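> Would you mind keeping the following structure in view while I ask a few things?
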Ligand code: NAD
Ligand code: UDP
């Protein structure tokens, strides 16, 4: 990785992925600014970094402009779990769109490089499987997931337009389901729900019949891909898929979590949410070719590490998102 010390802004830096990214950048010696409004996260995610002189925390909402002097920006600020992003859908789309405009304006002024954390949700409920970057997606623009999907699609558009019109040095990564320590235990995502339920002996809630699929990437693999993309060649702005191509049904995931936790929880079936994608798996050929990247941590091992972390936390320390207008 680049030996030179960079001034790096991570928006959403106190979140699940952001905290792992900040940790890595601080360890590499960079001058790291973590910006977060703590809508879906809490200080405990980055408390261990506060003692380092090359780490700085700013409590700020990215929908409001901010002037900073930086060399690189990772734009992660956005609620990511369906339960979180549907909590205040108008705020979600504002965060994606106004957040993108604000970081792009900053990148333009500072001549900084800026990376957008986009998502596999830009493919919607895909008719093409696995999903390559060239697939344009099947998103319902008026459904309950649209605030997130369309917000992220609009952000990609803004990134490409600032790149073409103003020469801003951009990167776009499309992240597929990623899991690991520091996921919010009440975010409603499948991995956090299943582990929390298994450890407390509650029923494991499968939505639908559990035949829908996802491909789960461990957080360390994802962060490696993101950093490689940021530091990769300028003639490769993306978008590039980052995710683990090993595909599992949700039922298989439930059974694996029960096995690894040794839980006595039973499976309970609940209605499938509207517009829930039927299957999802990244085609990562482009990331393999251009970044020489592929995930290294298998689901079983990643789940083992995540379960260990869930065992170590006190659930009373976590709260649902606050109303945030
Ligand atoms: P997360 O909810 O843990 O992190 C998001 C962070 O952004 C939180 O700390 C939150 O407080 C902050 N935030 C939200 N709105 C903000 C605002 N207006 N101003 C400032 N900060 C704000 O979620 P995550 O899983 O770490 O996701 C990080 C990024 O990666 C998101 O942009 C998400 O869309 C993207 N992503 C994640 C996944 C995944 O599977 N984890 C998949 C696809 C895309
Ligand atoms: N899911 C489930 N039980 C849960 C939470 C989620 O069966 O307690 C399912 C959900 O319907 C979806 C998949 O697991 O099919 C992944 O959901 P998640 O919210 O983690 O992410 P998504 O990929 O849908 O954004």
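Residue numbers (the working numbering): 1185 to 1509. From the three backbone atoms N, C-alpha and C, an ideal C-beta is built for every residue, glycine too. Predicted model only: the values in this text are computed from it and were never measured.
(1) Tell me the start and end of each unbroken alpha helix (DSSP H) in the segment 1416-1471 that is at least 4 residues and wholly inside, in chain order.
(2) Quick one: measure Cβ to Cβ for residue 1238 and residue 1213, integer angstroms, because I've assumed they're closer than 8 Å.
(3) If you scan the segment 1243-1324 from start to end, which runs of the alpha helix (DSSP H) of 4 or more residues do you find wholly inside it?
(4) Which parts of the segment 1316-1372 are runs of the beta strand (DSSP E), unbroken and 3 residues or longer, counting only runs that do not cross its ends?
(5) Is it true that the CB of residue 1407 sits closer than 8 Å to the CB of residue 1208?
(6) What does the alpha-carbon distance come out to for the pair residue 1417 and residue 1424?
(7) CB residue 1198 to CB residue 1230, shorter than 8 Å?
(8) Hey, quick one: how far does the alpha helix (DSSP H) through residue 1491 stretch, first residue to last?
(9) Taking 8 Å as the cut-off, decide whether the C-beta atoms of residue 1204 and residue 1221 are in contact.
(10) Quick one, what's near the ligand UDP if you take every residue whose CB is closer than 7 Å to any heavy atom, in chain order?
(11) With DSSP as the reference, please indicate the residues paired to residue 1239 in a beta bridge.
(12) Nearer than 7 Å: is that true of the beta carbon of residue 1480 relative to any heavy atom of the ligand NAD?
(13) Does residue 1501 pass the burial test, meaning 16 or more other C-beta atoms within 10 Å, or should it be called exposed?
(14) Is residue 1411 helix, strand or coil when you go by DSSP?
(15) When burial is assigned at 16 or more other CB atoms within 10 Å of the CB, is residue 1187 buried or exposed?
(16) Can you give me the start and stop residues for the alpha helix (DSSP H) that residue 1209 sits inside?
(17) Going by DSSP, which residues form a beta bridge with residue 1403?
(18) What residues are listed by DSSP as bridge partners for residue 1391?
(19) Shorter than 7 Å, the distance from the beta carbon of residue 1199 to the closest heavy atom of the ligand NAD, or not?
(20) What does the Cβ neighbour count give for residue 1185, buried or exposed, with the cut at 16 atoms within 10 Å?
(21) Cβ of residue 1262 within 7 Å of any heavy atom in the ligand NAD?
(22) When DSSP labels each residue in this structure, what does residue 1230 get in the three-state scheme?
(23) At what residues does the alpha helix (DSSP H) containing residue 1383 begin and finish?
(24) How many Å lie between residue 1469 and residue 1438 at the Cα?
(25) Can you tell which of 1262, 1339 and 1292 has its C-alpha closest to the C-alpha of residue 1202?
(26) Counting C-beta neighbours from all protein chains within 10 Å, is the total for residue 1410 16 or more, i.e. buried, or is it exposed?
(27) Just grab the DSSP bridge partners of residue 1195 for me.
(28) Taking 7 Å as the cut-off, does the CB of residue 1301 come closer than this to any heavy atom belonging to the ligand NAD?
(29) Using a Cβ-Cβ cutoff of less than 6 Å, which residues in the same chain neighbour residue 1397 once the five nearest sequence positions on both sides are dropped?
(30) Under three-state DSSP, which class holds residue 1503?
(31) Could you work out which residue in 1206, 1270 and 1487 is closest to residue 1217 when comparing CA atoms only?
(32) Give every residue of the same chain whose Cβ lies closer than 6 Å to the Cβ of residue 1236, excluding the five residues on either side of it in the sequence, and list them in chain order.
On the basis of the data shown:
(1) 1434-1445
(2) 7 Å
(3) 1266-1269 and 1273-1294
(4) 1353-1359
(5) yes
(6) 13 Å
(7) yes
(8) 1483-1496
(9) no
(10) 1265, 1266, 1305, 1361, 1372, 1373, 1374, 1375, 1377, 1378, 1389, 1390, 1391, 1392, 1394, 1396, 1398, 1434, 1456, 1457, 1460, 1461 and 1464
(11) 1216
(12) no
(13) exposed
(14) helix
(15) With a pLDDT of 44 at residue 1187, under the threshold of 50, the predicted position of this residue should be treated as unreliable, though the coordinate-derived value follows. Result: exposed.
(16) 1200-1211
(17) None; residue 1403 has no bridge partner.
(18) 1454
(19) yes
(20) Caution applies to residue 1185, whose pLDDT of 46 falls short of 50 and renders its modelled position unreliable; the value that the coordinates give is listed next. Exposed is the call here.
(21) yes
(22) coil
(23) 1374-1384
(24) 29 Å
(25) 1262
(26) buried
(27) 1219 and 1259
(28) yes
(29) 1431, 1433 and 1463
(30) coil
(31) 1206
(32) 1210
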